[in-house]
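Participant: Have a look at this one.
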Amino acid sequence: MSVDFKLSASLRSERGKNASRRLRAAGAVPGVIYGGGEPPAAVTFDHDALMHNLENEAFYSHVLTVDVDGKPQKAILRELQRHPYKPTILHVDLLRVREDTQINVHVPLHFINEDTCHGVKLEGGTVSHNFVELEIACLPKDLPEFIEVDVQDLNLNESMHLSDIKVPEGITIVELAHGEGHDHAVVSVHAKRVAAVTEEEEEEEKESTSIQSDEDASAENDSS
Numbered sequence: 000m001s002v003d004f005k006l007s008a009s010l011r012s013e014r015g016k017n018a019s020r021r022l023r024a025a026g027a028v029p030g031v032i033y034g035g036g037e038p039p040a041a042v043t044f045d046h047d048a049l050m051h052n053l054e055n056e057a058f059y060s061h062v063l064t065v066d067v068d069g070k071p072q073k074a075i076l077r078e079l080q081r082h083p084y085k086p087t088i089l090h091v092d093l094l095r096v097r098e099d100t101q102i103n104v105h106v107p108l109h110f111i112n113e114d115t116c117h118g119v120k121l122e123g124g125t126v127s128h129n130f131v132e133l134e135i136a137c138l139p140k141d142l143p144e145f146i147e148v149d150v151q152d153l154n155l156n157e158s159m160h161l162s163d164i165k166v167p168e169g170i171t172i173v174e175l176a177h178g179e180g181h182d183h184a185v186v187s188v189h190a191k192r193v194a195a196v197t198e199e200e201e202e203e204e205k206e207s208t209s210i211q212s213d214e215d216a217s218a219e220n221d222s223s
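Following this line, the structure appears as structure tokens:
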């Protein structure tokens, strides 16, 4: 993990919707940090500083250093509440982590070699993603920023499943722990959809046009 994210937080005593509104109006984000064998603590973050960190994809799957009134704590982002249409963070939840305790985290997938994939370059297919992130279990020290998925050898009408993904040592894919029926397809190569009219469809179109013309002519004769 090459990036070290640090957040500053302050303890807050006021709770409730009105207190949260006042905090947001003052440029702060209410939140909570919990877990790790300690009681939950209500905190606030600087909104602009938090937004700046959220621009980095790695922030979502990183162990963060959170300084709560001078007490540094290790935590991961657990939940983020955004305003439905404004670029505003309404609330944030952080989960404390311990070095000896596994955590479950969603990490992004980075797909590589899509342009040179056999099914695309040699067979004219197109790549379809069924997952863009995975839930993994690992110790905090083993948490990756992302998991790389190489589709180079994927042929037309083939798929890569969860069990085909190579993950670093110490990491397990949570979905696979639920049994064989959960080995879902992650990425596939399909034939491109072409809006082509077949000969049969052309004949049907001609026949339909001919019938319509006959009906129109018959109606015109009847009216005269």
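The opening residue of the sequence shown carries number 0 in numbering that gives the first Met the number 0; numbering runs sequentially from there. Beta carbons are placed, not taken as given, at the ideal position from N, Cα and C, and that holds for glycine.
Note down, in chain order, each residue of its chain lying with its Cβ closer than 8 Å to the Cβ of Arg-81, except the 5 sequence neighbours on either side.
Facilitator: Cβ within range, chain order: Thr-87, Ile-88, Leu-89.
Participant: Mind checking who Gln-72 pairs with in its DSSP beta bridge?
Facilitator: BP columns for Gln-72 point to Val-65.
Participant: Going by DSSP, what residue range makes up the beta strand (DSSP E) through Asp-149?
Facilitator: Per DSSP, Asp-149 belongs to the beta strand (DSSP E) from 146 to 149.
Participant: Please determine, among Phe-44, Arg-192, Ile-32, the residue with the shortest C-alpha to C-alpha distance to Ala-24.
Facilitator: That would be Phe-44, whose Cα lies nearest to the Cα of Ala-24.
Participant: What are the partner residues of Cys-137, as DSSP defines its beta bridges?
Facilitator: Ile-102.
Participant: Assign Ile-111 to buried or exposed, taking buried as 16 or more other Cβ atoms, counted over all protein chains shown, within 10 Å of its Cβ.
Facilitator: Counting Cβ neighbours within 10 Å, Ile-111 comes out exposed, since fewer than 16 surround it.
Participant: Going by C-alpha to C-alpha distance, which of Val-150, His-181, Gly-36 sits closest to Gly-124?
Facilitator: Answer by Cα proximity: Val-150.
Participant: Am I right that Ile-75 and Val-96 are in contact with their C-beta atoms under 8 Å? What's the rounded C-beta distance?
Facilitator: So it is a contact: roughly 6 Å between Cβ atoms.
Participant: Who are the near neighbours of Gln-72 in its chain, counting only those whose CB is closer than 7 Å to its CB and skipping five residues on each side?
Facilitator: Around Gln-72: Ile-32, Val-65, Arg-95.
Participant: Give the straight-line distance between the Cα atoms of Val-42 and Cys-116, rounded to the nearest whole angstrom.
Facilitator: Straight-line Cα distance between these residues: approximately 48 Å.
Participant: At 4 residues or longer, and completely inside the stretch 13 to 93: list those alpha helix (DSSP H) runs for me, N to C.
Facilitator: Complete alpha helix (DSSP H) runs here, min 4: 16 to 24, 46 to 53.
Participant: Apart from the five residues on each side of it in sequence, which residues of its chain come closer than 8 Å, Cβ to Cβ, to Leu-63?
Facilitator: Phe-4, Lys-5, Leu-6, Lys-73, Ala-74, Ile-75, Leu-76, Leu-93, listed in sequence order.
Participant: Report the three-state DSSP secondary structure of His-177 (helix, strand or coil).
Facilitator: Looking at His-177 - three-state DSSP - the assignment turns out to be helix.
Participant: Output yes or no for whether 8 Å exceeds the beta carbon distance between Val-148 and Met-159.
Facilitator: Against a cut-off of 8 Å, the Cβ pair of Met-159 and Val-148 comes out as a contact.
Participant: Hey, quick one: how far does the alpha helix (DSSP H) through Lys-120 stretch, first residue to last?
Facilitator: Segment 117 to 120, the alpha helix (DSSP H) holding Lys-120.
Participant: Going by DSSP in three states, Leu-6 sits in which element: helix, strand or coil?
Facilitator: In this structure, Leu-6 counts as strand in the three-state DSSP scheme.
Participant: In whole angstroms, what is the alpha-carbon distance linking Asn-55 and Phe-145?
Facilitator: Near 12 Å, if we compare the C-alpha coordinates of Phe-145 and Asn-55.
Participant: What residue range is occupied by the uninterrupted beta strand (DSSP E) comprising Val-166?
Facilitator: Counting along the chain, Val-166 falls outside any beta strand (DSSP E), and DSSP gives it neither H nor E.
Participant: Compare the C-alpha of Val-119 against each of Gly-35, Glu-174, Leu-108, Glu-157 and name the closest.
Facilitator: If we check each option's Cα against that of Val-119, Glu-157 comes out closest.
Participant: Could you name the residues of the same chain whose beta carbon sits closer than 8 Å to that of Ala-48, not counting the 5 residues immediately before and after it, in chain order?
Facilitator: Within the same chain, Ala-48 has close Cβ partners Leu-6, Ser-7.
Participant: In the DSSP output, what is Val-186 paired with across the bridge?
Facilitator: The partner list for Val-186 (beta bridge, DSSP) reads His-128, Met-159.
Participant: Output yes or no for whether 8 Å exceeds the beta carbon distance between Ser-9 and Asp-68.
Facilitator: In contact: Ser-9 and Asp-68 (Cβ atoms closer than 8 Å).
Participant: Could you name the residues of the same chain whose beta carbon sits closer than 8 Å to that of Asp-141, not counting the 5 residues immediately before and after it, in chain order?
Facilitator: Cβ neighbours of Asp-141 beyond the five flanking positions: Pro-167, Glu-168, Gly-169, Ile-170.
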